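In my numbering, the protein residues as written are 53 to 500.
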């Protein structure tokens with residue numbers, strides 16, 4: 053059996069530490085333990101950690117190396133003739149790329165070669181600015197980032213580099229913000245689709261979760277920028293909410309169909325985090341108490357939301373019970389938040405208090421969803437994230453509204469005690485789940 057691509061390193065490390073104890077206690081024979089070790093490739097854990105560390109080191113080294121070369125060229129820039137400047141710039145660029153290619157594909161030094169190619173992509177961006185200075189080329193500031201993004205995209209595909217792909221997202225977003233803000237809203241509206249078409253296939257090809265989630269984040273941010281430029285804060289918030297639901301719907305599609313299942317967890321985290329940000333921002337009263345005159349109805353965000361909810365309902369039968377509960381909570385958050393946004397655009401400041409209450413209920417519903425999924429799937433990190441999200445909401449409300457310090461003190465003390473009690477009960481719940489039925493009572497007494 054091949055190692056599951058979605059199996060976490062944390063689980064494999066825990067399994068590796070438990071196997072000797074299981075053999076000693078007689079739960080497993082040495083042969084069975086060996087088969088488990090081979091199935092989950094436990095002996096490769098140390099090598100994998102070392103490879104990750106070396107990749108980080110080489111990447112940092114590549115960044116410093118690229119910065120050092122650029123600084124050296126800049127220090128001697130005025131004393132060099134124009135032909136020598138061009139030769140030096142192109143030699144540096146080709147040197148990084150060719151050396152990186154040779155180390156990666158010929159010598160087998162994958163991580164070092166990858167870092168040098170990334171340094172070459174950084175040098176390419178510096179070269180664009182320096183060549184523009186040599187020939188006194190004038191233009192919009194964002195044009196440089198557009199050219200840089202195109203060059204990095206070519207290298208990302210040529211070298212199958214997720215790191216260059218992340219650079220494409222960053223540089224192209226800078227170009228997009230400048231281009232859209234310069235009065236090209238209609239042309240810039242194609243950017244989210246173009247970004248997804250350029251990088252999603254690459255992420256699937258090289259199975260890069262970071263590149264996949266980063267691309268979706270770039271699409272969500274750019275959609276929010278487009279909506280914000282058209283209709284201010286409320287339309288921006290609607291677009292971000294739609295993007296969060298979209299990312300979570302995509303994660304469920306991966307989870308249910310099994311297609312690139314390794315993308316499911318990180319994409320779900322991205323979607324729920326985006327929804328959490330949208331609900332938190334929507335819980336502030338300033339968003340609802342300012343009259344706005346929308347230039348156009350946020351049609352595309354509403355359409356995307358409808359398609360996402362329809363897709364999730366289509367996946368209903370294949371979902372686990374825990375995921376169905378999560379879907380119900382996410383749907384409630386979406387209805388509360390987006391319904392308030394659309395109604396507020398129509399009614400102006402009328403009914404502002406109702407919209408504020410709905411947005412806060414949406415945020416609390418999302419917190420309840422996180423805590424519920426943590427109980428269903430026994431995930432401590434999700435439980436504490438949901439709890440801290442509730443604490444953040446309470447803290448924000450008490451800082452936002454003018455109430456007496458004594459009342460705030462009492463509320464904070466009560467909330468602190470409630471969170472601690474909830475944490476203790478949750479830990480007890482996990483301990484009971486981890487024991488056989490006849491050991492529950494003894495463990496409970498020992499814990500208390």
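For each residue, glycine too, the CB sits at the ideal point set by N, CA and C. What you are looking at is a predicted structure, and each value in this text was computed from that prediction instead of being measured.
Item	Value
As assigned by DSSP and simplified to three states, the class of residue 78	coil
Residue 200, DSSP secondary structure in three states	helix
Where residue 132 sits in the DSSP three-state scheme	coil
Contiguous alpha helix (DSSP H) assignments of at least 4 residues, all confined to the stretch 396–453	404–429 and 432–452
DSSP-derived helix/strand/coil call for residue 340	coil
Simplified DSSP state of residue 149, which is helix, strand or coil	helix
Beta-carbon gap between residue 266 and residue 203 smaller than 9 Å	no
Three-way DSSP call (helix, strand, coil) for residue 484 in this model	helix
Residue 412 and residue 440 closer than 9 Å at C-beta	no
C-alpha distance - residue 274 paired with residue 244, whole-angstrom precision	6 Å
Buried versus exposed, by CB contacts within 10 Å (16 or more), residue 365	exposed
CA-to-CA distance, residue 246 to residue 270, given in whole angstroms	11 Å
Pick from 376, 410, 303 and 405 that is closest to residue 330, judged by C-alpha positions	410
Buried or exposed by the 16-neighbour rule on C-beta atoms within 10 Å, applied to residue 207	buried
Inter-residue Cα distance where the pair is residue 480 and residue 422	18 Å
Three-pair Cβ contact test at 8 Å for the stretch 159–174 versus the stretch 211–230	yes
Close Cβ partners of residue 201 (< 7 Å) along its chain, the five nearest in sequence each way excluded	220, 223, 224 and 227
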